[in-house]
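To start, the structure under review is shown below, and the notes come after it.
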Amino acid sequence: MTSEKVMCIDLAGVEKNPSGICVLTGSDAETCNLYTDQEILAYSDEVRPSIIGIDAPLSLPLGRTSIHERNDRHLRACDRELTRHKIRFFPLTLGPMRKLTERGMGLKMALHLVGIEALEVYPGGAQDILGIPRKQRGLSTLLSGLQNLGICGLNDDMSDHELDAVTGAYVMQAYLNGSAHAWGDPAEGIMVMPDISSSLNSISDE
């Protein structure tokens with residue numbers, strides 16, 4: 003497990019709703035909830051992680067120039083990979099996902115301008131691959147699943163947003179270790195996901 007500091011943002015579609023934040027250093031997680039882009043950027047600048055995962059679409063499908071454009075391009079290569087593995091997700095052109103996509107792309111650019119790399123993660127899909135329950139099945143079972151991965155510092159008071167951010171930070175740490183991979187077309191936009199071949203067995207080995 004790398005000792006590099008990584009961070010994940012479980013981004014809300016609008017600033018009035020909380021975005022879960024996790025900073026993971028080794029096996030130690032610290033979480034909080036933030037609201038505005040300015041708060042998130044200031045916190046990121048203070049923490050200065052090696053890399054940040056953002057739970058939000060960070061790119062558009064090839065052939066689409068805007069999230070508001072009306073055409074038949076709804077899925078990216080990484081989305082089609084989710085479909086191939088039977089992982090449930092909401093297409094980025096569906097209703098509230100449009101606002102989330104717009105916000106995510108803007109935040110990624112703002113982080114890039116201050117020298118922090120941000121990549122897309124999908125905690126729900128990662129949980130499916132890792133064999134731990136999504137938050138819809140209960141926060142206590144999600145918490146236990148994350149603790150079973152060896153993550154320390156978690157507690158019963160954490161929100162679903164924070165626990166999803168913990169998942170995303172774990173995936174980004176695995177990415178730096180070479181045990182998570184980029185799904186999709188780099189020319190279009192990638193999504194970092196755990197190694198699907200290691201799923202449940204890798205958890206018991208850690």
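Residue numbers for the sequence shown follow our numbering, so the first one is 3 and each next one is one higher.
Ideal placement from N, C-alpha and C gives every residue a C-beta, glycine not left out.
These numbers were taken from a predicted model, which means no experiment stands behind them.
- Take the alpha-carbon of N179 and the one of L151: they are about 15 Å apart.
- In chain order, M3, G152, I153 and C154 place their CB closer than 7 Å to the CB of S29, counting only its own chain and leaving out the 5 sequence neighbours on each side.
- For K110, the enclosing alpha helix (DSSP H) stretches over residues M99 to L115.
- By the neighbour-count criterion, in which 16 or more other beta carbons inside 10 Å mark a residue as buried, M107 falls on the buried side.
- Per DSSP, V16 is not a residue of any alpha helix (DSSP H), being assigned neither H nor E.
- Only residues of its own chain outside the window of five on either side were considered, and among them G15 and A58 have a CB closer than 6 Å to the CB of L102, listed in chain order.
- For C80, no beta strand (DSSP E) run applies; the uninterrupted alpha helix (DSSP H) run containing it begins and ends at A79 to R86, by DSSP.
- The beta carbon of L144 sits closer than 6 Å to those of P135, K137 and L165, all from its chain and outside the five residues before and after it, given in chain order.
- Annotated three-state conformation of T95 is coil, per DSSP.
- The criterion of a C-beta distance shorter than 8 Å is not satisfied by L156 and P196.
- Classified as exposed, G65 has fewer than 16 neighbouring CB atoms from the shown chains inside 10 Å of its CB.
- Collapsing the DSSP output to three states places M160 in coil.
- Assigned with DSSP and collapsed to three states, L121 falls in strand.
- Just measuring C-alpha positions, the residue of P20, L26, E32 and L62 sitting nearest A189 is L62.
- Using a Cβ distance threshold of 8 Å, D39 and A120 do not count as a contacting pair.
- The beta carbons of I54 and I11 sit about 7 Å from each other, so the pair counts as a contact at 8 Å.
- Partner residues in the beta bridge of T27, as assigned by DSSP, are K7 and D30.
- Taking 8 Å as the cut-off, the Cβ atoms of L13 and L109 count as close.
- DSSP, reduced to helix, strand and coil, places N35 within a strand of the structure shown.
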